[in-house]
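Residue numbers (the numbering used here), protein chains in the order written: chain V, 42 to 230; chain E, 317 to 968.
Glycine residues also receive a C-beta, built at the ideal position from the N, C-alpha and C atoms.
As structure tokens, the structure follows; a few thoughts come after it.
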């Protein structure tokens, strides 16, 4: 008599357990959120920041053509700001005058054009000013992958030993230069 | 004095809320009619108390009382009066108070219009709403007090975020919050049903109008928010899959599912457990949407005021409300047994399909929104989930939903004939396929499919309506009489479905848009998508609390002057913020859209767009909300109608 009942009983039990599913899921999510909040309060968790894996590591090895083009080995001996840009990128247009000011302030800036036609790059620099001491072209965008580029513009500071010290995502602002870049430039000069 | 009065009124609201939570629930548990009857008065009292509190805050803002910290931080004496009023809910503390106000308003609405409900159900619904209200008012009172004084008061306030000084956004929070909070009522009905241990067709009928009303507001609120992003942020897009946007989309998706599943409860007494879970889930998503955004966990372009310390209080509160109700659900849901059985090909079968697809989309959106956070926490991996993920996962689920949408309303309850329904739709299918083929040469696969779906849905709705009024088979006057005789619910469904079709067409057309970023000197012309944009002038203009730079652009097509656009860049001196004021000229079929960027060497950087069918996105949402309102006017759903019907059956 019990045999035909057992499967029904088991399925009822399974159904009852299933009803606890949403509760368990919410409990787990709530716990995770609590940990996130705790860490955020302590400054160990920042959902906003996407830190570069490169900070404190040597520049990835590369050799790129361009005008005149450069290689990772060339980034030695003095602090150099490397700016990734493209002629098709609107924030780069916004950034152009800031970079020109930075150049006028005596900072050495090298540019890497990302997925851009060399003629378009040249036209862009002719129209909006060329802040770059050297320019390389990463037309296939393969070197950008090694750098972990999230988009253009993106700006890096390479110290005299060829170690990446700083990264800035998005168009460079005068605030970021004064508050973050200049102190680092002084430290690594 | 006035701020203290507001503070006191809020405390009074909390006290009344405790009474509203305890007395009716205890009364319903004990079956004590007198305790249960106290519920409506307590709900009205709580609404009044929180209402006075809110009015006091608004008053302090209008008279620019900068001795109140909240006003000093978010207002300014130069601000136009309208923004002094709307600024009350444009900041963290004020918006929480406003949120509480709407929740108490829901309680008062149930008290006022719920006379036809069984007294124990009404007492429990009001009690649950009181319980939720107490939690959030306590949060306002203890953790985000809007009435904190500042001494000595500053000479002038710091002004409101200029991005928020916009008529569209001023009206956005009230509508969106009413939508969010409105789902508290179906939630309270679900909890009450779990407490009562009983759900029947009548429950489905009572829940539907509240769900419909909340859904209409949420639809309007989301549309208004996306419209604001379109014209105020000046990015030329309307939906960015931003966490805050997703947070409002989630309750809309599950709320839409709830709308349809409650219909099955009402007509067939099936899907009861599922409907209760949807009601709890929808309000849970609403709560998470409003509050997680403020905790600072979800990052977003829209985020204002966040503070992780406050977040812990919010999280505990959310845990209690959501966790508590889901625990109750797990324990009590087995009591609610289904009585209806149904065939897969039937109206209810189609509604189940609707629910499965809508909830799958919701699951995908929730996963995409949350995954980066959890990946960071558990795996230490930084990643972002962007539009490509959502586009690639949401649309494959949406297409079958759209395909089924036109057929569903044509199927009959219990057992339907799919072939017969499809036969009535042959011409709609033919035209949709023709539009698809026509677009295939001009657009990519997804937009082509979306255009075909849009046509299919709109024509399907028309076919359904034509069928019901027997168009062209009886004289036109007879069809007209039949149209007037149709139930409002049916008419509302048709309108809302057609509205979604219009929105889909607008979204699909985004793939046909042209845009360009150009540096123009006065006199120069840019060609975008067949239109000539000529910059004719650049000048300064001063507004009430900002200084503006204006670009004047003549737009021509085939040499004919169509319109003059004057986009602005506004600088607000008090807050040192610059905003862009995009200018849009629309003829209903396409938007000409111009944004003024930086200026250089006497020229201006302009972003110019030609957006085909863009207004349809919001127009369609408006039609959807209108469909919801028509449906709300249905006799069957009108609150109190069941009471009259019951009264009539009592023999004289």
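Taking the alpha carbon of residue 205/V as the point to measure from, which residue in 177/V, 98/V, 181/V, 158/V has its own alpha carbon closest? On the first chain, residue 205/V is found 164 positions in, with the first residue counted as 1. It is 98/V.
Contacting positions in the segment 890 to 924 of chain E - beta carbon closer than 9 Å to chain V: Listed by position, the residues of the segment 890 to 924 of chain E near chain V (Cβ gap below 9 Å) are 913, 914, 916, 921, 923.
Closest Cβ-Cβ distance between residue 75/V and chain E: below 8 Å? Walking along the first chain from the start, residue 75/V turns up at place 34. By this cut-off, residue 75/V is an interface position.
Helix, strand or coil for residue 915/E? Go by DSSP, reduced to three states. Mapped onto the second chain, residue 915/E falls at position 599. Three-state result, residue 915/E: strand.
Who does residue 38/V pair with in a DSSP beta bridge? Since the first residue shown for chain V is 42 and the last is 230, residue 38/V is missing from the structure and cannot be characterised.
Express the C-alpha separation of residue 937/E and residue 126/V in angstroms, rounding to a whole number. Position 85 of the first chain holds residue 126/V. Position 621 of the second chain holds residue 937/E. Their Cα atoms are separated by approximately 39 Å.
Can you tell me which of 878/E, 893/E, 562/E puts its alpha carbon nearest to the alpha carbon of residue 885/E? Here the question's residue 885/E lines up with position 569 in the second chain. Residue 885/E has its Cα closest to that of 893/E, out of 878/E, 893/E, 562/E.
8 Å Cβ cut-off: residues of chain E touching residue 64/V: For the purposes of this step, residue 64/V is taken as the residue at position 23 of the first chain. Result: 639, 642, 643, 645, 646.
Contact set between residue 447/E and chain V, taken where Cβ atoms lie within less than 7 Å: For the purposes of this step, residue 447/E is identified with residue 131 of the second chain, where counting begins at 1. Correct list: empty, because the minimum Cβ distance to chain V is about 18 Å.
Does the separation of the CB atoms of residue 337/E and residue 427/E fall below 8 Å? Your numbering for residue 337/E matches position 21 in the second chain. Your numbering for residue 427/E matches position 111 in the second chain. Residue 427/E sits away from residue 337/E, with the two beta carbons spaced by 8 Å or more.
In three-state DSSP terms, what is residue 200/V? For the purposes of this step, residue 200/V is identified with residue 159 of the first chain, where counting begins at 1. In the three-state DSSP reduction, residue 200/V falls in the coil class, being neither helix nor strand.
Cβ of residue 110/V less than 8 Å from any chain E Cβ? The residue given as residue 110/V occupies position 69 in the first chain. Under the Cβ criterion of 8 Å, residue 110/V is not counted among the residues facing chain E.
Taking the beta strand (DSSP E) that residue 837/E falls in, what are its first and last residues? If you number the second chain from 1, residue 837/E lands on position 521. Element bounds for residue 837/E: n/a, residue is neither H nor E.
Around the C-beta of residue 903/E, are 16 or more other C-beta atoms found within 10 angstroms, so that it is buried, or is it exposed? Taking the second chain and counting its residues from 1, one reaches residue 903/E at position 587. By the Cβ-count criterion, residue 903/E is exposed, with fewer than 16 other Cβ atoms from all chains shown falling within 10 Å of its own Cβ.
Tell me the residue span of the beta strand (DSSP E) that contains residue 888/E. On the second chain, position 572 is the one that residue 888/E refers to. Where residue 888/E is concerned, the enclosing beta strand (DSSP E) starts and stops at 884 to 888.
When you compare only the Cα positions, how much space is there between residue 626/E and residue 71/V? By one-based count along the second chain, residue 626/E stands at place 310. By one-based count along the first chain, residue 71/V stands at place 30. Residue 626/E and residue 71/V: Cα-Cα distance of roughly 15 Å.
Look at residue 581/E and residue 515/E and say whether their C-beta atoms are less than 8 Å apart. Translated into positions along the second chain, residue 581/E becomes position 265. Translated into positions along the second chain, residue 515/E becomes position 199. A distance below 8 Å separates the beta carbons of residue 581/E and residue 515/E.
Since residue 751/E meets chain V, which of its residues come closer than 7 Å, beta carbon to beta carbon? Position 435 of the second chain, counted from the first residue, corresponds to residue 751/E. Listed along chain V, no residue sits closer than 7 Å to residue 751/E by beta-carbon distance, the nearest being about 33 Å off.
Residue-level contact to chain V via CB, residue 649/E, 8 Å cutoff: Position 333 of the second chain, counted from the start, is the residue given in the question as residue 649/E. It does; some Cβ of chain V falls within 8 Å.
Considering only the beta carbon of each residue, do residue 844/E and residue 830/E sit closer than 8 Å? Residue numbering aside, residue 844/E sits at position 528 when the second chain is read from its first letter. Residue numbering aside, residue 830/E sits at position 514 when the second chain is read from its first letter. Yes. Within cutoff.
Closer than 7 Å by C-beta to residue 507/E: which residues in its own chain qualify, once you throw out the five before and the five after it? Chain order, please. Counting from one through the second chain, the residue named residue 507/E turns up at place 191. Excluding sequence neighbours, residue 507/E sits near 444, 641, 644.
Looking only at its chain, what residues have a beta carbon closer than 6 Å to the beta carbon of residue 55/V, apart from the 5 residues adjacent to it on each side? One-based indexing of the first chain puts residue 55/V at position 14. Contacts found: none.
From this set, 368/E, 332/E, 944/E, 504/E, which residue's C-alpha is nearest residue 323/E's C-alpha? As a working mapping, residue 323/E is identified with position 7 in the second chain. The shortest Cα separation from residue 323/E among 368/E, 332/E, 944/E, 504/E belongs to 368/E.
Coarse secondary structure for residue 111/V, derived from DSSP in three states: By 1-based counting over the first chain, the position of residue 111/V is 70. Three-state DSSP puts residue 111/V in a strand.
Going along chain V in order, which residues have a C-beta closer than 9 Å to the C-beta of residue 689/E? The sequence position of residue 689/E within the second chain is 373, counting from 1. Going along chain V in sequence order, the residues near residue 689/E (Cβ under 9 Å) are 73, 74, 77, 88.
Along chain B, which residues have their Cβ under 7 Å away from the Cβ of residue 61/V? The displayed structure is made up of protein chains V and E, and chain B is not among them.
Indicate whether residue 544/E and residue 446/E have their beta-carbon atoms separated by less than 8 Å. In the second chain, the residue the question calls residue 544/E occupies position 228. In the second chain, the residue the question calls residue 446/E occupies position 130. In this structure, residue 544/E keeps its C-beta atom at 8 Å or more from the C-beta atom of residue 446/E.
CB of residue 577/E within 8 Å of CB of residue 603/E, strictly: Within the second chain, the letter at position 261 stands for residue 577/E. Within the second chain, the letter at position 287 stands for residue 603/E. Against a cut-off of 8 Å, the Cβ pair of residue 603/E and residue 577/E comes out as no contact.
Residue 2/V: contacting residues in chain E (beta-carbon distance under 7 Å): This structure cannot settle anything about residue 2/V, because the visible part of chain V is limited to 42 through 230.
Three or more C-beta pairs closer than 8 Å, one from the segment 166 to 177 of chain V and one from the segment 324 to 344 of chain E: is that the case here? Segment contact: the segment 166 to 177 of chain V against the segment 324 to 344 of chain E, fewer than three CB-CB distances shorter than 8 Å; contact not assigned.
Is the shortest distance between the beta-carbon of residue 138/V and the beta-carbons of chain E less than 8 Å? Your numbering for residue 138/V matches position 97 in the first chain. Yes - at least one Cβ of chain E is within 8 Å of the one on residue 138/V.
Alpha-carbon to alpha-carbon, residue 564/E and residue 620/E: Start at 1 with the first residue of the second chain, and residue 620/E comes out as number 304. Start at 1 with the first residue of the second chain, and residue 564/E comes out as number 248. Note that residue 620/E has pLDDT 39, beneath the 50 cutoff, so the model's placement of it is unreliable and the number below is only indicative. Going by the C-alpha atoms only, they are around 16 Å apart.
Taking a cut of 9 Å between CB atoms, which residues from the segment 187 to 220 of chain V lie near chain E? Contacts with chain E (Cβ-Cβ distance below 9 Å) from the segment 187 to 220 of chain V involve 191, listed in chain order.
Do residue 391/E and residue 473/E come within 8 Å of each other at the CB atom, strictly closer than that value? Position 157 of the second chain, counting from 1, holds the residue named residue 473/E. Position 75 of the second chain, counting from 1, holds the residue named residue 391/E. For residue 473/E and residue 391/E, yes; Cβs fall inside 8 Å.
Cβ neighbour criterion (16 or more within 10 Å) applied to residue 592/E: As a working mapping, residue 592/E is identified with position 276 in the second chain. Counting Cβ neighbours within 10 Å, residue 592/E comes out buried, since at least 16 surround it.
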